[in-house]
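Q:
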Amino acid sequence: MTPKNQDLAISVREDLYETKQHGAPGYPLALYEVDSRNMHLELVHWHWHEELEFVSVTSGAARFFVGDVCYVLSAGDCLMINQNVLHRVKAYQDFDCKYYSVVFHPSLIFDPANTELREKYLIPVISHPQMKHFILKSDDENAVPIANILKKIILVNNLSEFGYEIVTKGLLCELWEHAIKGSLHRINSADYIADSQAILDEERIKGALTYIAAHYAEPIALQDIADSVHISKSECCRCFKRRLQITPFDYLIKYRIYSATILMVQHSGKVSVSEIALKTGFNSSSYFNKMFRKYIGCTPTQFRKTAGGDLENIQKIMERHIHPQDAGILNELISKRRPD
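For the sequence shown, the numbering used here gives the first residue as 7, with consecutive numbering after it.
This is the structure:
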């Protein structure tokens, strides 16, 4: 069966780790053909995963966010995203964009038992703080062989003829050989400066989001969030601003409100709005109503009547109001709270 997968929904944990399995245990590779016109709210939400990812843009243009860096990539451009790196994709202006994403676990080409090859050709890249990603533009001579190999990988996996897994493994080895030639040069270059702040921010954000998801229904102060990742309140605010363009408090309020929408649908009319407010960390019903209207665009009562008992209606109602980067929060909550 072809590993090509058109299910582009991003399901994440509280720390934005993607829970989807890419490929199968014996063949940990998935091929995604992405069309921006088919993306929810025209973006792929913030997430990270243990797999490596190679992107090849075939037409149009889109914005690719890797950590706190944004690139506009167009046809012919390629991007490598390292393990455990936060990233997302968003439409660029009025351009439609089509691209292929090849997501695979390094174990597909490097046997975990073969420590010599891993330490020589894999570890220096995936563990280096300077190698969160690298871009190869279409006018870069180094991009041509990588783009050509990616095309072969895409074709082979789309056809899925006998032996395609073996052919793909060989192509991935060739791809990695071309990729690390450039990346190792950059690692050893004095002109390539490590973004240590971004790396540190990323780890702090993951910890803070996990804390908020676990304690959002309790009274939480900024100090609590900061203490959860062992930094000051001011540094916590700066960290959220740098990485998510939002304050910790605003993220907490949004998480509570979106959690409330799920509970309201799940419990239908059996639980009052004031009870929902208390269950999601609001001590004041009036403040809950005010924040609900601010972020959802209607009162809790109006929302409950419109959504009915269908979780899928939540996204339809909120598309007009929800900020695109917050959709990841809502998607994660829906997948986590869906009734058995």
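C-beta atoms are modelled at their ideal positions from N, C-alpha and C, and glycine is treated no differently.
When DSSP builds the beta bridges, which residues end up paired with F116?
A: Per DSSP, none; premise fails for F116.
Q: Assign A227 to one of two classes, buried (16 or more other C-beta atoms within 10 Å of its C-beta) or exposed (fewer than that).
A: Result: exposed.
Q: Taking the C-alpha atoms as reference points, what is the distance between I211 and I87?
A: Roughly 19 Å separates the two Cα atoms.
Q: Within 10 Å of its beta-carbon, does D83 have 16 or more other beta-carbons around it, so buried, or fewer, so exposed?
A: It counts as buried.
Q: Taking only three categories from DSSP, how would you classify E59?
A: E59: strand per DSSP, three-state reduction.
Q: Using the C-alpha atoms, what's the distance from K187 back to E39?
A: In a straight line, the C-alpha of E39 is about 27 Å away from that of K187.
Q: How long is the line joining the alpha carbons of I199 and I282, rounded to whole angstroms?
A: With a pLDDT of only 41 at I199, under 50, the local geometry of the prediction cannot be trusted, and the value read off the model is given with reservation. Cα to Cα, I199 sits roughly 49 Å from I282.
Q: So for G66, helix, strand or coil by DSSP?
A: Reduced to three states, the DSSP call for G66 is strand.
Q: Where DSSP assigns a beta bridge to H184, which residues make up the other side?
A: H184 pairs with nothing; no bridge assigned.
Q: Mind checking F168: buried by the 16 CB within 10 Å criterion, or exposed?
A: F168 is exposed by the Cβ-count criterion.
Q: Between the stretch 70-85 and the stretch 134-141, do three or more beta carbon pairs fall short of 8 Å?
A: With the cut-off at 8 Å, the stretch 70-85 and the stretch 134-141 touch.
Q: Of all the options F255, R249, R244, which has the alpha carbon lying nearest to the alpha carbon of D230?
A: The shortest Cα separation from D230 among F255, R249, R244 belongs to F255.
Q: Please state whether the Cβ-Cβ distance between A68 and S42 is less than 8 Å.
A: Contact: yes.
Q: For the beta strand (DSSP E) that V150 lies in, which residues bound it at each end?
A: From DSSP, V150 is part of no beta strand (DSSP E) but of the alpha helix (DSSP H) over 149-165.
Q: Which stretch, first to last residue, makes up the beta strand (DSSP E) that contains A371?
A: This structure gives no information on residue 371, because the portion of the chain shown stretches from 7 to 346.
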